[in-house]
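These notes are about the structure you will find just below.
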Amino acid sequence: MHPRAFIRTPLDLAMPRDATALLLVSMLALIGYLATLGGLAFVLLGDDLRAWNRSLDDSVTLQIPAETSAARIEMSLALLRQTPGIAELRLLDQAETARLLEPWLGPAAAPDTLPIPRLLDIRTEPGAAIDITDLRQKLAAITPGAQLEDHRPALALHRRAATRLAILIALGIAGVAVFAVVLTVIATNLRLALHRGAVELLHLIGAGDADLAWPVQLAALRQGLVGGAIGAAAGLLTLVVIGHLMPLDASPSAADWRLWGVALAVIAVAGFGAMSAARLAVLRQLARMP
Amino acid sequence: MAVVTLDGIGRNYGAGVAVLSEISLTLEAGEFCFLTGAAGAGKTTLLNIIALAEEASAGRLTLFETDVAAADRMARAALRRRIGIVFQDLRLLDHLSANDNIALPLHVAGMADAEIREHVGEVASWLGIGRRIELRPAALSLAERQCVAIARAIVSRPDLVLADEPTSHMDDESALTLIRALEQLSRFGTTVLIATSNLALADRSQHPRIHLDAGRLTGPENGPA
Numbered sequence: 000m001h002p003r004a005f006i007r008t009p010l011d012l013a014m015p016r017d018a019t020a021l022l023l024v025s026m027l028a029l030i031g032y033l034a035t036l037g038g039l040a041f042v043l044l045g046d047d048l049r050a051w052n053r054s055l056d057d058s059v060t061l062q063i064p065a066e067t068s069a070a071r072i073e074m075s076l077a078l079l080r081q082t083p084g085i086a087e088l089r090l091l092d093q094a095e096t097a098r099l100l101e102p103w104l105g106p107a108a109a110p111d112t113l114p115i116p117r118l119l120d121i122r123t124e125p126g127a128a129i130d131i132t133d134l135r136q137k138l139a140a141i142t143p144g145a146q147l148e149d150h151r152p153a154l155a156l157h158r159r160a161a162t163r164l165a166i167l168i169a170l171g172i173a174g175v176a177v178f179a180v181v182l183t184v185i186a187t188n189l190r191l192a193l194h195r196g197a198v199e200l201l202h203l204i205g206a207g208d209a210d211l212a213w214p215v216q217l218a219a220l221r222q223g224l225v226g227g228a229i230g231a232a233a234g235l236l237t238l239v240v241i242g243h244l245m246p247l248d249a250s251p252s253a254a255d256w257r258l259w260g261v262a263l264a265v266i267a268v269a270g271f272g273a274m275s276a277a278r279l280a281v282l283r284q285l286a287r288m289p
Numbered sequence: 000m001a002v003v004t005l006d007g008i009g010r011n012y013g014a015g016v017a018v019l020s021e022i023s024l025t026l027e028a029g030e031f032c033f034l035t036g037a038a039g040a041g042k043t044t045l046l047n048i049i050a051l052a053e054e055a056s057a058g059r060l061t062l063f064e065t066d067v068a069a070a071d072r073m074a075r076a077a078l079r080r081r082i083g084i085v086f087q088d089l090r091l092l093d094h095l096s097a098n099d100n101i102a103l104p105l106h107v108a109g110m111a112d113a114e115i116r117e118h119v120g121e122v123a124s125w126l127g128i129g130r131r132i133e134l135r136p137a138a139l140s141l142a143e144r145q146c147v148a149i150a151r152a153i154v155s156r157p158d159l160v161l162a163d164e165p166t167s168h169m170d171d172e173s174a175l176t177l178i179r180a181l182e183q184l185s186r187f188g189t190t191v192l193i194a195t196s197n198l199a200l201a202d203r204s205q206h207p208r209i210h211l212d213a214g215r216l217t218g219p220e221n222g223p224a
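Residue numbers (numbering that gives the first Met the number 0), protein chains in the order written: chain A, 0 to 289; chain B, 0 to 224.
Take a look at the structure:
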């Protein structure tokens with residue numbers, strides 16, 4: 000291919016812009032938007048899962064009735080300290096417990112007016128195989144009414160649910176990517192049909208398949224990049240709006256490179272995906288010519 | 000050097016309807032030849048086969064001593080670049096000016112813009128349409144459009160020019176002028192094959208004629224081998 004063909008090609012001259020360009024840009028923008036939302040959801044879901052892991056993965060809570068004596072509490076602590084696999088114990092003071100209950104009981108909740116149970120935060124060693132049922136029975140024998148809450152089964156359920164959701168998001172992204180390829184092929188075929196006379200003429204006066212395919216590919220690359228950029232920008236904007244409407248403790252910030260990474264990935268995939276799909280379509284069409 | 004060699008070329012459409020049968024001929028470099036025959040005799044099909052716009056159903060085609068059947072797509076494109084073709088339906092691109100239509104083969108060849116302007120201006124002046132080349136085909140007369148199509152076919156100085164009824168919309172004087180221009184090209188070594196049903200035009204010229212009748216060669220009369 001002649002070097003000038005990278006900038007200007009015979010087909011650029013022969014095939015003027017048409018409605019397929021706007022069609023492809025708008026559809027790729029919509030697909031880019033959906034893919035960006037999917038990608039961002041993937042990132043945020045991963046963050047949530049990691050946060051759950053950090054807070055609950057090795058965590059067991061012992062709830063001791065409010066009327067339990069200090070001696071019994073101390074005996075329970077001693078039992079736990081001797082139990083293999085327990086890494087750390089922390090008895091929450093009553094003010095801290097009251098703060099935890101505040102969302103449910105309101106600011107009036109006070110340890111001296113309500114029988115607030117004592118909470119013991121127990122950190123297990125990672126992967127420790129503690130017989131929770133046996134421990135629960137031993138603690139109940141020391142402190143009647145004590146409840147040992149193991150969060151790990153609940154976390155496993157959350158993990159499975161989050162994994163299923165992540166798979167669904169990934170399948171959704173793959174689905175819209177396939178749709179984008181199909182759409183680009185259709186738009187390219189439509190464009191070639193609109194300019195069939197020009198394509199045949201250029202073929203007959205000696206333009207090679209690569210010469211004919213290149214401008215179509217370049218146009219699809221431009222349209223894919225523009226559509227992807229519009230979709231990615233709209234996706235990021237949606238995240239900002241949602242962040243304002245539903246503020247979270249750990250809302251993603253503009254400094255988070257992963258968000259920009261998702262946006263750039265969507266733009267790049269839209270551009271180069273459209274370019275490859277257009278190449279495929281145009282070469283298939285040209286192969287039908289002698 | 001043999002520019003075109005046809006050996007037993009045949010072309011069938013659909014369920015075996017033969018448009019061309021057993022066509023064999025050779026055109027040498029610089030040869031000027033008319034292809035005559037009534038409408039439907041197979042002239043356009045034969046030109047299409049030589050121009051690599053259509054595949055033959057039988058026989059062997061050799062262009063510039065290259066067996067076309069053995070040539071890959073890139074080699075075929077290279078062969079096409081050595082051929083200038085005037086289509087019967089002209090095939091001008093309506094959204095381009097005459098100038099840009101004429102320039103297309105030069106763009107395909109990757110020529111620089113300055114050279115393209117020079118070549119296009121030269122050919123357009125030679126064919127008498129120099130003042131009209133900024134107009135689009137719709138603004139030109141039929142004869143002028145034919146001149147644009149001819150200019151596009153010869154602007155890249157091809158080794159072979161195939162013209163299908165290139166003078167059908169011209170008066171006799173313009174047609175003769177055009178034939179003289181193509182003769183001049185032929186003197187520089189370009190092989191010219193003109194398909195025409197205008198026997199009077201062919202008669203006025205001293206060039207050999209190949210005659211097609213119902214898809215079979217009945218000439219040549221003083222024609223090529």
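Backbone N, C-alpha and C fix where the C-beta goes; we use that ideal spot for every residue, glycine too.
{"Asked": "For A/Met-0, the three-state DSSP class (helix, strand or coil)", "Found": "In this prediction, A/Met-0 has a pLDDT of 47, which is less than 50 and means its spatial position is unreliable; what the coordinates show is noted afterwards. Coil, per DSSP."}
{"Asked": "Buried versus exposed, by CB contacts within 10 Å (16 or more), A/Ala-18", "Found": "exposed"}
{"Asked": "Start-to-end residues for the alpha helix (DSSP H) that takes in B/Thr-44", "Found": "42-49"}
{"Asked": "Per-residue burial, A/Pro-15 [other beta carbons within 10 Å of its own, 16 or more giving buried]", "Found": "exposed"}
{"Asked": "Interface partners of B/Arg-80 on chain A, CB under 7 angstroms", "Found": "Gly-205"}
{"Asked": "Strand pairing of B/Phe-31, partner residues [DSSP]", "Found": "B/Val-191"}
{"Asked": "Closest by C-alpha distance to A/Arg-158, when choosing among A/Ala-186, A/Arg-49, A/Ala-139", "Found": "A/Arg-49"}
{"Asked": "Beta-carbon neighbours of B/Arg-239, restricted to chain A and to distances below 7 angstroms", "Found": "This structure cannot settle anything about residue 239 of chain B, because the visible part of chain B is limited to 0 through 224."}
{"Asked": "Residues that B/His-118 contacts on chain A, provided the C-beta gap is smaller than 8 angstroms", "Found": "By Cβ distance, chain A contributes nothing, its closest Cβ being about 14 angstroms from B/His-118, past 8 angstroms."}
{"Asked": "Extent of the continuous beta strand (DSSP E) to which B/Gly-9 belongs", "Found": "1-12"}
{"Asked": "Beta-carbon contacts of B/Ala-162 that lie in its chain and below 6 angstroms, excluding the five residues immediately before and after", "Found": "Val-85, Ile-193"}
{"Asked": "Which listed residue (A/Lys-137, A/Ala-69, A/Leu-78) has its alpha carbon closest to that of A/Pro-116", "Found": "A/Ala-69"}
{"Asked": "Chain-ordered residues of the region 80-94 of chain B with a beta carbon less than 7 angstroms from chain A", "Found": "Arg-80, Ile-84, Arg-90, Leu-92, His-94"}
{"Asked": "Short Cβ contact (8 angstroms threshold) for B/Thr-61 with B/Thr-4", "Found": "yes"}
{"Asked": "Chain-ordered residues of the region 97-115 of chain B with a beta carbon less than 7 angstroms from chain E", "Found": "The structure shown has no chain E; the protein chains it does contain are A and B."}
{"Asked": "A/Ile-63 vs A/Thr-132 beta-carbon contact at 8 angstroms", "Found": "no"}
{"Asked": "Run of the alpha helix (DSSP H) containing B/Glu-117, from where it starts to where it stops", "Found": "112-125"}
{"Asked": "Per-residue burial, B/Pro-136 [other beta carbons within 10 Å of its own, 16 or more giving buried]", "Found": "buried"}
{"Asked": "Neighbour flag for A/Leu-200 against chain B, beta carbons, 8 angstroms", "Found": "yes"}
{"Asked": "Local conformation of A/Ala-65 per DSSP, three classes", "Found": "coil"}
{"Asked": "C-beta neighbour in chain B for A/Pro-289, strict 8 angstroms", "Found": "yes"}
{"Asked": "Residue from A/Leu-182, A/Gln-93, A/Ile-241 whose Cα sits closest to the Cα of A/Gly-272", "Found": "A/Leu-182"}
{"Asked": "N- and C-terminal bounds of the beta strand (DSSP E) containing B/Arg-59", "Found": "57-62"}
{"Asked": "Rounded C-alpha distance that separates B/Leu-105 from A/Trp-259", "Found": "45 angstroms"}
{"Asked": "Simplified DSSP state of A/Gln-146, which is helix, strand or coil", "Found": "strand"}
{"Asked": "Runs of alpha helix (DSSP H) lying entirely within the region 198-256 of chain A, each at least 4 residues, in chain order", "Found": "208-244"}
{"Asked": "Residue from B/Val-160, B/Leu-198, B/Glu-121, B/Ser-167 with nearest C-alpha to B/Glu-143", "Found": "B/Ser-167"}
{"Asked": "Below-8 angstroms beta-carbon distance, B/Glu-53 vs any chain A residue", "Found": "yes"}
{"Asked": "Beta carbon proximity, A/Pro-15 to chain B, threshold 8 angstroms", "Found": "yes"}
{"Asked": "8 angstroms Cβ cutoff met for A/Thr-35 and A/Val-239", "Found": "no"}
{"Asked": "DSSP-derived helix/strand/coil call for B/Arg-203", "Found": "helix"}
{"Asked": "Boundaries of the beta strand (DSSP E) in which A/Ala-127 is found, first to last residue", "Found": "From DSSP, A/Ala-127 is part of no beta strand (DSSP E); its letter is neither H nor E."}
{"Asked": "A/Met-274 and A/Ala-232 closer than 8 angstroms at C-beta", "Found": "no"}
{"Asked": "Exposure of A/Ile-85, with buried meaning 16 or more beta-carbon neighbours within 10 Å", "Found": "buried"}
{"Asked": "Outcome for A/Thr-123 when other beta-carbon atoms lying within 10 angstroms are tallied against a minimum of 16", "Found": "buried"}
{"Asked": "Cβ-Cβ distance between A/Gly-37 and A/Ile-229 below 8 angstroms", "Found": "no"}
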